[in-house]
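Asker: Okay, here's the structure, questions in a sec.
Protein chains in written order, with this note's numbering: chain A, 5 to 116; chain B, 7 to 121.
What follows is the structure in structure tokens.
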């Protein structure tokens, strides 16, 4: 069974540009979670999608947004990139009601 | 408010030593879940264990063991006979049973196993 897959693995953008990160959950999982992990720091919750709806978002500005598609895959969009957005972005998935989430390998976003 | 504290920022031991990673949590909820995840250098977080607040039994899985003590709000993780492959960042997390789903994460402990 395929795990959570994220693309791209690495992404380099210029300040002010937009970045789009993608996540495919484990087959059968309807919930997708996005986290930001800045270098040397812990995980900061960004967004939770379930059944196509945004269920909760963390304490991030509106330029962080996303969506979940009918096949439960998800996109994270970051507009007007700032240098401090450079981080590892992790996606996780679970079934509805499942307590533990399973993570992808992450997308490392570098803003220059 | 919920909080998870992993006071050990970094631990370094020599291979085959035993090592314990501490996790202390805070919550007023009576129903909650605790987790440990491992993050190797590749970046992907690997789920290790889930424990609910009503089950204080310790758990052992191979060289890994977990000690859950509600009296001290701790959920410590011990690796016996450590190996170089155990080198990673280990995260402890707490989830309360509200509708907003939020895993409250500790800051992580970087474990270095030297050969």
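Beta carbons: idealized from backbone N, C-alpha and C, even for Gly.
Contact between the region 39-58 of chain B and the region 94-101 of chain B: three or more CB pairs below 8 angstroms?
Answerer: yes
Asker: Identify whether residue 117 of chain B lies in helix, strand or coil by the three-state DSSP scheme.
Answerer: Here the question's residue 117 of chain B lines up with position 111 in the second chain. Residue 117 of chain B: strand per DSSP, three-state reduction.
Asker: Closer than 7 angstroms, Cβ to Cβ, to anything on chain A: give me those residues from the region 36-66 of chain B, in chain order.
Answerer: 39, 41, 48, 49, 50, 51, 53, 56
Asker: Using 8 angstroms as the cut-off, can you tell me whether the region 64-74 of chain A makes contact with the region 16-32 of chain B, which would need three or more C-beta pairs spanning the two stretches below that distance?
Answerer: Touching, no.
Asker: Flag this pair as yes or no: are the beta carbons of residue 99 of chain B and residue 12 of chain B separated by less than 8 angstroms?
Answerer: On the second chain, residue 99 of chain B is found 93 positions in, with the first residue counted as 1. On the second chain, residue 12 of chain B is found 6 positions in, with the first residue counted as 1. Against a cut-off of 8 angstroms, the Cβ pair of residue 12 of chain B and residue 99 of chain B comes out as no contact.
Asker: Please state the DSSP three-state secondary structure of residue 77 of chain B.
Answerer: Walking along the second chain from the start, residue 77 of chain B turns up at place 71. If DSSP states are grouped into helix, strand and coil, residue 77 of chain B belongs with the helices.
Asker: Leaving out the 5 sequence neighbours to the left and right, which residues in its chain are closer than 6 angstroms to residue 73 of chain B when beta-carbon positions are compared?
Answerer: Counting from one through the second chain, the residue named residue 73 of chain B turns up at place 67. Only 64, 82 meet the Cβ criterion.
Asker: Please confirm whether residue 27 of chain B has its beta-carbon closer than 8 angstroms to some beta-carbon of chain A.
Answerer: On the second chain, residue 27 of chain B is found 21 positions in, with the first residue counted as 1. Closer than 8 angstroms: no.
Asker: Around the C-beta of residue 16 of chain A, are 16 or more other C-beta atoms found within 10 angstroms, so that it is buried, or is it exposed?
Answerer: Along the first chain, one-based indexing puts residue 16 of chain A at 12. Exposed, since its Cβ has fewer than 16 Cβ neighbours within 10 Å.
Asker: From the DSSP output, which residues share a beta bridge with residue 87 of chain B?
Answerer: Against the second chain, residue 87 of chain B aligns to sequence position 81. Residue 87 of chain B pairs with nothing; no bridge assigned.
Asker: What residues match up with residue 100 of chain A in a beta bridge as DSSP calls it?
Answerer: The residue labelled residue 100 of chain A in the question sits at position 96 within the first chain. For residue 100 of chain A, which the question treats as bridged, DSSP gives no partner whatsoever.
Asker: With a cut-off of 8 angstroms on the beta carbons, I'd call residue 9 of chain A and residue 28 of chain A a contact; round off their distance for me.
Answerer: On the first chain, position 5 is the one that residue 9 of chain A refers to. On the first chain, position 24 is the one that residue 28 of chain A refers to. Right, their Cβ atoms sit about 5 angstroms apart.
Asker: Using a Cβ cut-off of 9 angstroms, pull out every chain B residue sitting near residue 70 of chain A, in sequence order please.
Answerer: Here residue 70 of chain A refers to the residue found at position 66 of the first chain. The contacting residues do not exist; residue 70 of chain A stays about 15 angstroms from chain B at best.
Asker: Return no unless some Cβ of chain B is closer than 8 angstroms to the Cβ of residue 26 of chain A.
Answerer: Here residue 26 of chain A is taken as the residue at index 22 of the first chain, counted from 1. For residue 26 of chain A, the answer is no, since every Cβ of chain B falls outside 8 angstroms of its Cβ.
Asker: What separation, rounded to the nearest whole angstrom, lies between the Cα atoms of residue 39 of chain B and residue 63 of chain A?
Answerer: For this step, residue 39 of chain B is matched to residue 33 along the second chain. For this step, residue 63 of chain A is matched to residue 59 along the first chain. One Cα belongs to residue 39 of chain B, the other to residue 63 of chain A, and the distance between them is close to 22 angstroms.
Asker: I'd like the list of long-range same chain contacts for residue 90 of chain A, defined as Cβ closer than 8 angstroms, with 5 residues on each side in sequence excluded.
Answerer: The residue given as residue 90 of chain A occupies position 86 in the first chain. Spatial neighbours of residue 90 of chain A in its own chain (CB-CB distance under 8 angstroms, excluding positions within 5 residues in sequence) are listed in chain order as 42, 43, 113, 114, 115.
Asker: Listed from N- to C-terminal order along the chain, which residues in the region 41-61 of chain A have their beta-carbon within a distance smaller than 7 angstroms of any beta-carbon of chain B?
Answerer: Here the close residues are 46, 47, 49, 52, 59, 60.
Asker: Indicate whether residue 38 of chain A and residue 92 of chain A have their beta-carbon atoms separated by less than 8 angstroms.
Answerer: Within the first chain, numbered from 1, the residue matching residue 38 of chain A stands at position 34. Within the first chain, numbered from 1, the residue matching residue 92 of chain A stands at position 88. Contact: no.
Asker: What did DSSP end up calling residue 32 of chain B once you bin it into helix, strand or coil?
Answerer: On the second chain, position 26 is the one that residue 32 of chain B refers to. Residue state, collapsed to three classes: strand.
Asker: Are there 16 or more other CB atoms within 10 angstroms of the CB of residue 101 of chain B, so buried, or fewer, so exposed?
Answerer: Against the second chain, residue 101 of chain B aligns to sequence position 95. Label assigned to residue 101 of chain B: buried.
Asker: Taking the alpha-carbon positions, what's the residue 82 of chain A to residue 65 of chain A distance?
Answerer: As a working note, residue 82 of chain A is residue 78 in the first chain. As a working note, residue 65 of chain A is residue 61 in the first chain. In a straight line, the C-alpha of residue 82 of chain A is about 10 angstroms away from that of residue 65 of chain A.
Asker: Looking at chain B, is there any beta carbon in it that lies within less than 8 angstroms of the beta carbon of residue 109 of chain A?
Answerer: To locate residue 109 of chain A, count along the first chain from 1; it is residue 105. For residue 109 of chain A, the answer is yes, since a Cβ of chain B falls inside 8 angstroms of its Cβ.
Asker: How would you call residue 50 of chain B, buried or exposed, if buried means at least 16 neighbouring beta carbons within 10 angstroms?
Answerer: Counting from 1 along the second chain, the entry for residue 50 of chain B is found at position 44. With 16 or more Cβ atoms within 10 Å of its Cβ, residue 50 of chain B is classed as buried.
Asker: Which same chain residues, not among the five before or five after residue 19 of chain A, have their C-beta less than 8 angstroms away from its C-beta?
Answerer: For the purposes of this step, residue 19 of chain A is taken as the residue at position 15 of the first chain. These residues qualify, in order along the chain: 85, 86, 87, 115, 116.
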